[in-house]
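Colleague: Each residue of the sequence shown is one higher than the one before, counting from 24 in the numbering used here.
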Amino acid sequence: KTNVYHREMPDELVGELWRRFERALLPLDSMGKLGVVLFQFPPWFFPGFAQHEYILECKERLTQYRLAIEFRNNAWLNEKNKKQSLDFLRENDLPFVCVDEPQGFTSSVPPIAEVTSDISLVRFHGRNRETWEKRGITPAERFDYLYTEEELQEWVPRIKRLASETQQLHILFNNCRDDKAVVNARQIRLMLD
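(1) In the DSSP assignment, find the alpha helix (DSSP H) that holds glutamine 190 and state where it starts and stops.
(2) Is DSSP giving aspartate 110 helix, strand or coil here?
(3) Under DSSP, the alpha helix (DSSP H) around alanine 136 begins and ends at which residues?
(4) Going by DSSP, what residue range makes up the beta strand (DSSP E) through glutamate 62?
(5) From glutamate 225 to methionine 32, what does the alpha carbon distance come to, in whole angstroms?
(6) I need the straight-line Cα distance from leucine 215 to glutamate 172, nearest angstrom please.
(7) Looking at C-beta atoms only, is the number of pairs between the region 103-116 and the region 124-143 that lie closer than 8 Å three or more?
(8) Is it buried or exposed, arginine 212, if we count other Cβ atoms within 10 angstroms and call 16 or more buried?
(9) Please check the pair asparagine 197 and alanine 204, which I expect to be a contact at CB under 8 Å, by giving their CB distance rounded to whole angstroms.
(10) Is phenylalanine 69 buried or exposed, if buried means 16 or more other CB atoms sit within 10 Å of its CB?
(11) Helix, strand or coil, according to DSSP, for glutamate 93 in the structure here?
(12) Give the range of the beta strand (DSSP E) segment to which serine 53 is assigned.
(13) Tell whether a beta-carbon distance below 8 Å holds between glutamate 93 and phenylalanine 111.
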């Protein structure tokens, strides 16, 4: 068996895994270097009551930390579910992770900038359509993308609005091939100054 799923494990083991995860966060937290704990849910995590309950369980198990929620299934933000999904995050004070990523896939979330908490996050994954859902490649290959200035400029008004509506804003570049994330982070910083 190649995968072990949460629902298949005994409660004691699940509890122990959560305790170990929480302990692993302590060094960053104690040094004041932990903004939020980002929970990126997989493409097969569809909207529904059980999924809402699981997100709340994650929050309850990590009470001393702030969680941020990133969806990787467009059903969460389609016409039918967008309001309910964002309202759920707002009602539970969970930051929504705004993303920039290739569009047109089930795992593609639209590039919307919504505030659901006093913290906002924007995560740039790149726009490499050829590798977005390709299997058997490294993260560096999947996120091999250098944003153009024009592509970054699309986000400047959104980022400024998010910053004006929240107490903290984190901008993360996940286009992790070579120095592309650093180059793009520097570019957007200059655009925002």
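Cβ coordinates follow ideal geometry from the N, Cα and C atoms, glycine included.
Modeller: According to the structure data:
(1) Your numbering for residue 190 matches position 167 in the sequence shown. Counting along the chain, glutamine 190 falls outside any alpha helix (DSSP H), and DSSP gives it neither H nor E.
(2) The residue labelled residue 110 in the question sits at position 87 within the sequence shown. In the structure shown, aspartate 110 sits in a helix (DSSP, three-state: H, G or I).
(3) Position 113 of the sequence shown, counted from the first residue, corresponds to residue 136. Where alanine 136 is concerned, there is no enclosing alpha helix (DSSP H), given that its DSSP letter is neither H nor E.
(4) Reading the sequence shown from its first residue, position 39 is the one you call residue 62. Here the sequence assigns phenylalanine to residue 62, which means glutamate is not the residue at that position. Here the beta strand (DSSP E) through phenylalanine 62 covers 60-63.
(5) Past the boundaries of the shown model lies residue 225; the chain is included only from 24 to 216, so the question cannot be answered.
(6) Here residue 215 is taken as the residue at index 192 of the sequence shown, counted from 1. Here residue 172 is taken as the residue at index 149 of the sequence shown, counted from 1. Distance between the alpha carbons of leucine 215 and glutamate 172 is about 12 Å.
(7) yes
(8) As a first step, residue 212 is located in the sequence shown; it is residue number 189 there, counting from the start. Answer is exposed; the Cβ neighbour count stays below 16.
(9) Numbered from its first residue, the sequence shown carries residue 197 at position 174. Numbered from its first residue, the sequence shown carries residue 204 at position 181. Right, the Cβ-Cβ distance comes to about 7 Å (below 8 Å), so this counts as a contact.
(10) Taking the first residue of the sequence shown as 1, we reach residue 69 at position 46. Exposed, since its Cβ has fewer than 16 Cβ neighbours within 10 Å.
(11) Along the sequence shown, one-based indexing puts residue 93 at 70. Reduced to three states, the DSSP call for glutamate 93 is strand.
(12) Counting from one through the sequence shown, the residue named residue 53 turns up at place 30. Unbroken run through serine 53 is the alpha helix (DSSP H), 34-53; no beta strand (DSSP E).
(13) On the sequence shown, residue 93 is found 70 positions in, with the first residue counted as 1. On the sequence shown, residue 111 is found 88 positions in, with the first residue counted as 1. Against a cut-off of 8 Å, the Cβ pair of phenylalanine 111 and glutamate 93 comes out as no contact.
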